[in-house]
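Notes follow the structure.
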Amino acid sequence: MNVTEAAEKTSGTLVAGLAFAGREIQGGYASDLLSDVMANSREADIWVTMQKHVNIVAVAQLNGLAAIVLVNERQPEPDTIAKAEENGIPIISTPLQAFDVIGILFGLGIHGRRPV
Amino acid sequence: MFLVDTHIHTCLSPCAELDMHPAALVDAAVRAGLDSIAVCDHNSAENVGAVQRAGNAAGLEVIPGMEITSSEEVHILGLLPDVEAAMALQSKVYRSLPGRNDESTFGMQVIANEFAEVLGFNEHLLAGATTLNVEAVVAAIHAVDGLAVASHVDREGFGIIGQLGFIPPTLPLDAIEVSQRMPLHSARASFAPKGEHPILCASDAHEPKDVARAATYILMERATLPELRRALAGEGGRTILGGGRPMEDLALHILDIAQNSLEAGAGTIEIEITENLRENLLTIVVRDNGRGMDPETVAKVTDPFFTTRTTRRVGMGLPLLGAAAKAAGGTLTIDSKPEQGTCIRATFQHGHLDRAPLGDIETTLMVLLAGQPERNICFRHRVEDREFELDSRDFRAADIDLASPAGLAVLREAIRRGEAGLVKNKASNG
Numbered sequence: 000m001n002v003t004e005a006a007e008k009t010s011g012t013l014v015a016g017l018a019f020a021g022r023e024i025q026g027g028y029a030s031d032l033l034s035d036v037m038a039n040s041r042e043a044d045i046w047v048t049m050q051k052h053v054n055i056v057a058v059a060q061l062n063g064l065a066a067i068v069l070v071n072e073r074q075p076e077p078d079t080i081a082k083a084e085e086n087g088i089p090i091i092s093t094p095l096q097a098f099d100v101i102g103i104l105f106g107l108g109i110h111g112r113r114p115v
Numbered sequence: 000m001f002l003v004d005t006h007i008h009t010c011l012s013p014c015a016e017l018d019m020h021p022a023a024l025v026d027a028a029v030r031a032g033l034d035s036i037a038v039c040d041h042n043s044a045e046n047v048g049a050v051q052r053a054g055n056a057a058g059l060e061v062i063p064g065m066e067i068t069s070s071e072e073v074h075i076l077g078l079l080p081d082v083e084a085a086m087a088l089q090s091k092v093y094r095s096l097p098g099r100n101d102e103s104t105f106g107m108q109v110i111a112n113e114f115a116e117v118l119g120f121n122e123h124l125l126a127g128a129t130t131l132n133v134e135a136v137v138a139a140i141h142a143v144d145g146l147a148v149a150s151h152v153d154r155e156g157f158g159i160i161g162q163l164g165f166i167p168p169t170l171p172l173d174a175i176e177v178s179q180r181m182p183l184h185s186a187r188a189s190f191a192p193k194g195e196h197p198i199l200c201a202s203d204a205h206e207p208k209d210v211a212r213a214a215t216y217i218l219m220e221r222a223t224l225p226e227l228r229r230a231l232a233g234e235g236g237r238t239i240l241g242g243g244r245p246m247e248d249l250a251l252h253i254l255d256i257a258q259n260s261l262e263a264g265a266g267t268i269e270i271e272i273t274e275n276l277r278e279n280l281l282t283i284v285v286r287d288n289g290r291g292m293d294p295e296t297v298a299k300v301t302d303p304f305f306t307t308r309t310t311r312r313v314g315m316g317l318p319l320l321g322a323a324a325k326a327a328g329g330t331l332t333i334d335s336k337p338e339q340g341t342c343i344r345a346t347f348q349h350g351h352l353d354r355a356p357l358g359d360i361e362t363t364l365m366v367l368l369a370g371q372p373e374r375n376i377c378f379r380h381r382v383e384d385r386e387f388e389l390d391s392r393d394f395r396a397a398d399i400d401l402a403s404p405a406g407l408a409v410l411r412e413a414i415r416r417g418e419a420g421l422v423k424n425k426a427s428n429g
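Here the protein sequences line up with chains U and V, keeping their order.
In terms of numbering that gives the first Met the number 0, the first sequence has 88 at position 89, counting the first letter as 1, and numbering is strictly consecutive.
In terms of numbering that gives the first Met the number 0, the second sequence has 117 at position 118, counting the first letter as 1, and numbering is strictly consecutive.
Rendered as structure tokens:
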């Protein structure tokens with residue numbers, strides 16, 4: 000599944016990094032502690048979170064994540080969008096809550112993976 | 000030189016104990032030997048005035064403050080110039096703080112006066128997060144001329160590094176704070192290896208027994224916010240000397256004993272720390288040529304209720320150092336002769352589970368030498384066959400003025416180099 004498909008399936012909108020939405024998703028991770036995401040997410044994961052601070056882009060880039068999903072209708076801050084465009088990180092915003100987003104993606108074969 | 004705990008909650012914080020009313024926490028701070036505190040409740044400053052009045056009555060400087068929760072659930076302290084600034088910041092925070100408190104879930108939010116009387120209850124959801132992101136919180140603090148400090152950066156939950164992965168490089172913080180969970184030298188290595196941020200040690204006390212569990216030694220002229228600002232910036236001879244856990248770190252016990260020696264009029268003080276890993280032995284010796292004690296006084300100084308001090312009390316004093324030694328399978332001996340001097344020797348099993356941590360030696364030496372450029376202070380730290388020796392006479396002989404900022408910087412660098420050499424040795428010995 001690629002990022003565009005993930006956005007469609009989770010009723011989400013791509014709010015940044017449109018040009019990179021063809022990227023393939025290999026797995027998933029969910030957490031609102033960025034230190035935890037840095038430690039435990041894996042390359043090509045889709046990351047589900049409430050956090051919208053600009054630091055999320057750096058974390059996604061550091062671990063080579065496929066995309067970030069902001070739940071509960073949260074919109075990224077302006078500098079977060081700017082950084083995401085600059086670094087090629089797609090961000091999806093969805094009205095769904097994290098539990099439902101993860102459930103949908105899991106049902107479509109995107110699973111959590113053991114940390115490297 | 001001031002000992003300051005910049006992060007103390009009152010009974011207004013829903014998670015704090017009811018006995019953290021203004022008079023009680025001021026009393027705890029005075030008994031712990033603090034010169035100044037900052038009172039920082041979650042998202043509110045309604046008890047700041049009462050704590051200040053209680054502090055005025057007890058001779059304790061109280062800096063107004065607030066611990067604001069950002070939208071990312073990062074805790075940021077605002078240390079503020081006065082109550083008016085605190086009220087202005089509080090209005091801004093209240094406008095950005097949704098929800099109402101549920102006492103049965105989060106606890107009571109008691110507004111109290113300095114006479115331990117309840118004036119009312121705050122109804123905002125002080126345990127909640129504001130809608131302000133970290134940048135907006137820091138900007139709001141700076142807008143009222145306050146100092147912005149990232150709270151307990153060593154904590155995963157609500158600490159800026161736990162929540163945001165790293166400190167945003169463009170965030171204009173004035174300092175970062177570490178709690179009693181982490182010794183200062185580890186905090187320096189982890190969070191500010193190149194001196195990126197000044198570090199404050201603070202207790203984050205929610206009950207009286209935790210006041211001063213961690214505190215910072217600051218060289219400044221008065222314990223006020225403008226002075227603290229200059230100390231954090233290292234301006235005008237003001238500086239952060241160090242910090243730690245006065246009730247726990249052996250380094251701060253050593254400082255306490257050495258300060259006793261200074262008060263006993265000692266011209267020369269020798270401090271020796273010997274870590275013999277093969278024999279599992281840690282020995283601390285403090286020897287002075289002060290006025291000494293007669294046998295009766297020696298018997299009394301290990302009594303927890305005895306003190307010759309009328310002013311500050313830092314560290315746990317001899318009775319509790321004795322208890323710390325005993326807990327780690329060691330002993331405390333005092334050898335003292337009137338008009339000749341005193342030698343205090345504490346031993347510990349080095350690897351004992353209950354052996355208190357050594358703590359930050361840099362703080363001990365900075366506070367001792369910065370305060371007393373004219374006394375002879377000789378420090379020796381041995382780890383196995385390695386040794387670090389530092390003598391204040393060498394600095395004087397080299398015309399280095401330990402009362403000047405440049406002199407203090409040279410001293411700090413010498414201590415760091417010396418102690419780092421010992422750590423390397425420790426590691427290579429496994």
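Virtual Cβ for every residue (Gly too), placed ideally from N, Cα, C.
Continuous alpha helix (DSSP H) stretch holding residue i: start and end
| i | result |
| --- | --- |
| M365 of chain V | I360 to G370 |
| L251 of chain V | L249 to E262 |
| Q60 of chain U | N54 to N62 |
| S34 of chain U | L33 to N39 |
| R52 of chain V | V47 to A57 |
| P21 of chain V | P21 to R30 |
| Q339 of chain V | Taken as a continuous stretch (DSSP letters only), Q339 of chain V belongs to no alpha helix (DSSP H), as it is neither H nor E. |
| H184 of chain V | L183 to F190 |
Presumed contact (8 Å Cβ cut-off) between residue i and residue j, rounded CB distance
| i | j | result |
| --- | --- | --- |
| I140 of chain V | G48 of chain V | In fact, because the Cβ distance is near 19 Å, the residues do not count as touching under 8 Å. |
| T5 of chain V | A201 of chain V | 5 Å |
| L146 of chain V | L88 of chain V | No, L146 of chain V and L88 of chain V are not in contact; Cβ-Cβ is about 12 Å, not under 8 Å. |
| I91 of chain U | V58 of chain U | Not confirmed; about 16 Å, so no contact. |
| I239 of chain V | I283 of chain V | Between I283 of chain V and I239 of chain V the Cβ distance is about 25 Å, and since that is not below 8 Å, they are no contact. |
| R379 of chain V | E373 of chain V | In fact, because the Cβ distance is near 21 Å, the residues do not count as touching under 8 Å. |
| G235 of chain V | A263 of chain V | That pair is no contact at about 32 Å. |
| S260 of chain V | D293 of chain V | Going by Cβ atoms, the distance from S260 of chain V to D293 of chain V rounds to 17 Å, so no, they are not a contact pair. |
| A15 of chain U | P89 of chain U | 7 Å |
9 Å Cβ cutoff met for residue i and residue j
| i | j | result |
| --- | --- | --- |
| A149 of chain V | L125 of chain V | no |
| A65 of chain U | A43 of chain U | yes |
| V47 of chain U | V70 of chain U | yes |
| Q50 of chain U | L320 of chain V | no |
| T346 of chain V | L281 of chain V | yes |
| A37 of chain V | P207 of chain V | no |
| E60 of chain V | T223 of chain V | yes |
| R244 of chain V | G158 of chain V | no |
| D34 of chain V | L11 of chain V | no |
| R381 of chain V | T273 of chain V | yes |
| I270 of chain V | G242 of chain V | no |
| A5 of chain U | G87 of chain U | no |
| T9 of chain V | N46 of chain V | yes |
| E72 of chain V | N100 of chain V | no |
| K336 of chain V | G291 of chain V | yes |
| S70 of chain V | A128 of chain V | yes |
| I376 of chain V | D390 of chain V | yes |
| T79 of chain U | V100 of chain U | no |
| V25 of chain V | G64 of chain V | no |
| N1 of chain U | P114 of chain U | no |
| I256 of chain V | V285 of chain V | yes |
| A174 of chain V | H196 of chain V | yes |
| I343 of chain V | D203 of chain V | no |
Extent of the continuous beta strand (DSSP E) run through residue i
| i | result |
| --- | --- |
| V300 of chain V | Taken as a continuous stretch (DSSP letters only), V300 of chain V belongs to no beta strand (DSSP E), being part of the alpha helix (DSSP H) at P294 to V300. |
| I333 of chain V | L331 to K336 |
| F387 of chain V | R385 to D390 |
| S35 of chain V | S35 to H41 |
| V6 of chain V | At residue 6 of chain V the sequence reads His, which differs from the Val that was named. Looking at the DSSP string, the run of the beta strand (DSSP E) that includes H6 of chain V is F1 to I7. |
| R229 of chain V | First-last for R229 of chain V: L224 to A232, but that is the alpha helix (DSSP H), not the beta strand (DSSP E). |
| H380 of chain V | N375 to V382 |
| M86 of chain V | Per DSSP, M86 of chain V belongs to no beta strand (DSSP E); it is in the alpha helix (DSSP H), V82 to R94. |
| A18 of chain U | That residue, A18 of chain U, is in no beta strand (DSSP E); it is neither H nor E in DSSP. |
Neighbouring residues, chain U, relative to residue i (Cβ below 8 Å)
| i | result |
| --- | --- |
| V133 of chain V | H52 |
Chain-ordered chain U contacts of residue i [CB-CB under 9 Å]
| i | result |
| --- | --- |
| E155 of chain V | L32, S34 and D35 |
Checklist entry - Which residues, in chain order, does the region 58-90 of chain V contribute to contact with chain U at a C-beta distance below 7 Å? => result E71
Checklist entry - When you check each C-beta in the region 377-396 of chain V against every C-beta of chain U, which residues fall closer than 9 Å? => result none
Item to check | Residues in the region 32-46 of chain U having any Cβ partner in chain V nearer than 9 Å | outcome: L32, L33, S34, D35, V36 and M37
Checklist entry - Going along the chain, which residues of the region 55-79 of chain U sit with their C-beta nearer than 9 Å to a C-beta in chain A? => result Going by chain labels, chain A is absent from the structure shown, which instead holds the protein chains U and V.
Item to check | chain U contacts made by the region 158-169 of chain V, where a contact means CB separation under 8 Å | outcome: I160, G161, Q162, L163, G164, F165 and P167
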